[in-house]
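Here the structure is laid out as structure tokens; the discussion comes afterwards.
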Amino acid sequence: MTIKVMQDQLHMQVLNADAIIVNIGFVFACIAGIITWRENKHLSLAAVTDKLPPALKLVIDSISGFVTPMILVQFFLAALCQFVNKEQFTGVVLFGLKERVFFFFMPLCYLAMVIMVISKKKQRISGILGTVFGIITSMSSIYGILYYVFGVEISAMPTIGKFIDVWNLFCAKGAWPVVIILIILAFAGVPLFVVISGITYVLFSKSGIPLDTIVLEAQSKFMDKSVTAIPLFTIAGYVLAQGSAGKRFVNLFNSLFGWFRGGTVVAAVLVLTFFSTFTGVSGVTILALGGLLSMILIGSGYNKNLAEGLITSSGALGLLFPPSVAIIMYATSNYTVIQGFEDGFKVENLFIGALIPGAIMAVSMIIMGIIFDKTKMRPKFSLKAILSSLWHSLFELLLPLLICVTYFTGFFNLFQVASFAVIYTFVLSVFIRKDFTLRQSVRVIAESIPVSGGVLFIIAASAGLSYYLTYADVPEIITAFITTNIHSKALFLLLMNLVLLVVGCLMDMYSAILIISPLLLYAAHAYGIPVVQAGVIFLMNLSIGFLTPPVGMDLFISSYAFKKPVSKVIKSVLPFLAVQLVVLVLVTYVPALTTCLLPKPTEAVYNEQELLDDIPDFTDDVDFEFTDDMPDFTNDDETASDMDFLNDVDPENPGTYNVDSDTWE
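Residues in the sequence shown are numbered consecutively from 54, following my numbering.
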């Protein structure tokens, strides 16, 4: 934001402005990863093993304690190898600091995680063993470090060479069993980014791809300005959710809609949609506002179970509206998947394409709420109350409007609009609304960092895996298999929805976007499905998957927020889930719902005669006028002698020029 003002308003050029922004974002991502690890909040599937017998759980924890530091050490050494490579990161970013100084935070980040793992008493022995094994399996990185620092060739280190050969041979023969074990460990509580990183490391070793590619792919994601916008929007969402904005919106929408049947439902759905748009995680919205909205709905005479079911079902609606973090991630991770269709993955096009489906989904939740609303006592319509609540929530209402206007008009790019959202919400909550002090605001922002760190490291880890999938032609292989066995576009769409619902139920949103979406996009493209429609279908399935029994993530979050068994949460969600599935089918088989608002591609219209008229006529004689200032080559003895052979050339039958004899034949 500061750079934007300096350049556009003060007309001051900031040297290396983009490099400064992306490198600061890179450092933030690394620090966020360390904080997230310290808080034990990296995304995982640990809940699956929580109910295992203590003895079995101890064994699984020991295995996890061995594998986790092993993989972290592998990535620490791979990153360190790149850091000591003097040919990498030679550019100067700020105050004479080179890119290498900023990159140092990546190996530092992995090292800090290793230290935190082995410092735990319960995992100390397994952690130390895993660290040693990580060093043994990282000999190629160790060789690179020795070469870049001391110039030692591999021929002078036969022992290291043997270790490298043994590891590569092991990966070539046993890669897939190792991958399966790592996937199982994901359900044992190993952070997902560690599992994905380990799978990538093994597959790279199996295929002979340079291991530094993994680190460089991760760095490129950390330094993507669109990805850097994700933690900024998350911070803005947390600041809003922790302040008084929620209550102000509830009062506003209640005064606007509370006087008619279902009006309170309208208010609740709109508030949930707004906040999940910014937080990027539906669970955060349910935890932050679930209690307040439940109290308001129940106080209005709404059935308790239905109120909590509505809140749970509406917690992810904002993922389909700008500035949705999910849409940003989907666009940036798939931008180059299908060559020639990059426009379909532009963030603004996906925002536009998701508007109508998102609106239909929100309206369907409102209609369901109205149907179940049996309240007889409602507040009377009051223009005074509406104007008062409008005035008290004016600045909060301006935020989404300013974001959309500044972004879609091109005044701000995505990173700048995210920075603007953070500054706006911070100033509003601290200095205007006085919801919390400066010290308290630091705590609120700190609470958002583990969410950002978890998301960013999933993105970085998945970048290397996506690289391997592309290298191994996996998307093309899957596409060929599907198109060979499934000849109906309608059947393919049905199967795609079923698969994605399962994916959304079992995987977190970010892992699914980064790993699964490239695989299905090729197949969808082969059936002629517009890329924007495919993207919207993908994201809708993930949001609905959060509600899908038995292990949809929002079901557990709602159980925690409302202090009730998951089985009862599932029962309260089912009517709303059924309606969302109907909307999904509608969007799946009516492409116009996602494409009708998209800008039409510009097509150049050519007039044949105009094109012919523009072709110069080379048949006309061209007269050359020699001037005194032109060089006279005839006075250059060397040039003249070199060109004497041209006198012997017959223009009608020039023959060929023999270079060796310097004659025409």
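Glycine included, every Cβ here is placed at the ideal spot set by N, Cα and C.
7 Å CB neighbourhood of residue i in its chain, flanking five on each side removed
i	result
I267	A131, T253, Y254, F257, G517
L403	I380, Y383, A384, V585, G588
G197	C134
A289	F331, A474, V475, T478
I439	S308, L309
I339	I364, T365, G368, D607, I610, S611, A614
F119	S179, L182, G183
Nonlocal neighbours in the same chain, by C-beta distance under 6 Å from residue i, ignoring five residues either side
i	result
I217	M192, S193
L363	G422
N304	S442
G86	C162, G506, F510
S596	A369, L372
N221	S258
Cβ neighbour criterion (16 or more within 10 Å) applied to residue i
i	result
F306	buried
W90	buried
M348	exposed
Q469	buried
Y575	buried
C729	With the chain covering only 54 through 718, there is no way to say anything about residue 729.
L592	buried
T212	exposed
S620	exposed
P263	exposed
P160	buried
V675	Caution is warranted here: a pLDDT of 49 is assigned to V675, below 50, making its placement in the model unreliable, and no coordinate value can be reported.
T190	buried
T655	Low confidence applies to T655: its pLDDT is 48, below 50, so where it sits in the model is not reliable, and the reading given next is rough at best. Its Cβ having fewer than 16 others within 10 Å, T655 is exposed.
T462	exposed
I420	exposed
I485	exposed
K16	Outside the modelled stretch of the chain, which goes from 54 to 718, sits residue 16, for which no answer is possible.
N93	exposed
Opening and closing residue of the alpha helix (DSSP H) in which residue i lies
i	result
M210	No alpha helix (DSSP H) holds M210; DSSP gives it neither H nor E.
V585	584-598
W312	Note, W312: premise wrong, no alpha helix (DSSP H); not H, not E.
Y521	491-524
Y355	No alpha helix (DSSP H) holds Y355; DSSP gives it neither H nor E.
I456	447-461
D426	Looking at the DSSP string, D426 is not in any alpha helix (DSSP H), and its letter there is neither H nor E.
R153	152-156
K175	From DSSP, K175 is part of no alpha helix (DSSP H); its letter is neither H nor E.
S625	619-642
F203	192-203
K274	265-275
P284	278-295
L370	Segment: none, L370 is in no alpha helix (DSSP H) and carries neither H nor E.
V120	107-137
E140	Per DSSP, E140 belongs to no alpha helix (DSSP H) and is neither H nor E.
M606	606-615
V378	378-387
P528	527-538
P571	570-579
Beta-carbon proximity list for residue i, same chain, < 8 Å, skipping 5 on both sides
i	result
R431	G311, W312, F313, R314, G316, S353
V400	S279, I380, I381, A384, T385, L467
V556	A565, I569, N594, L595, G598
V232	I252, V255, L256
T554	In the sequence as displayed, the identity of residue 554 is Leu instead of Thr. Same-chain partners within the cutoff: N594, I597, G598, T601.
N356	F425, K427
Cβ-Cβ separation, residue j to residue i (assumed contact under 8 Å), whole Å
i	j	result
L346	A321	5 Å
V80	V137	With 8 Å as the limit, V80 and V137 do not qualify as a contact, their Cβ atoms being about 19 Å apart.
M276	G78	6 Å
S570	I249	Not a contact, Cβ separation roughly 15 Å.
L567	G406	With 8 Å as the limit, L567 and G406 do not qualify as a contact, their Cβ atoms being about 20 Å apart.
Cβ-heavy atom distance, residue i to the ligand FMN, below 7 Å
i	result
Q633	With respect to the ligand FMN, the structure offers nothing, as it holds no ligand at all.
Problem - Given 8 Å, three or more beta-carbon pairs between the segment 320-333 and the segment 567-580 - result: Two segments are said to touch when three or more pairs of C-beta atoms, one from each, lie closer than 8 Å; by this definition the segment 320-333 does not touch the segment 567-580.
Handout entry: the segment 277-293 / the segment 308-317 touching (three or more Cβ pairs under 8 Å)
Key = The answer is no - the segment 308-317 does not touch the segment 277-293, with fewer than three Cβ pairs under 8 Å.
Practice task
Take every Cβ of the segment 491-500, pair it with every Cβ of the segment 529-542, and state whether three or more of those distances are shorter than 8 Å.
Solution key: Output reads no: the segment 529-542 does not touch the segment 491-500.
Problem - Three-pair Cβ contact test at 8 Å for the segment 475-485 versus the segment 523-531 - result: Output reads no: the segment 523-531 does not touch the segment 475-485.
Handout entry: Stretch-stretch touch, CB-based, cutoff 8 Å, three pairs: the segment 293-304 with the segment 445-456
Key = With the rule of 3 Cβ pairs closer than 8 Å, the segment 293-304 counts as touching the segment 445-456.
Problem - Meets three-Cβ-pair contact criterion under 8 Å: the segment 230-244 and the segment 480-489 - result: Per the Cβ contact rule, the segment 230-244 is not in contact with the segment 480-489 (fewer than 3 Cβ pairs under 8 Å).
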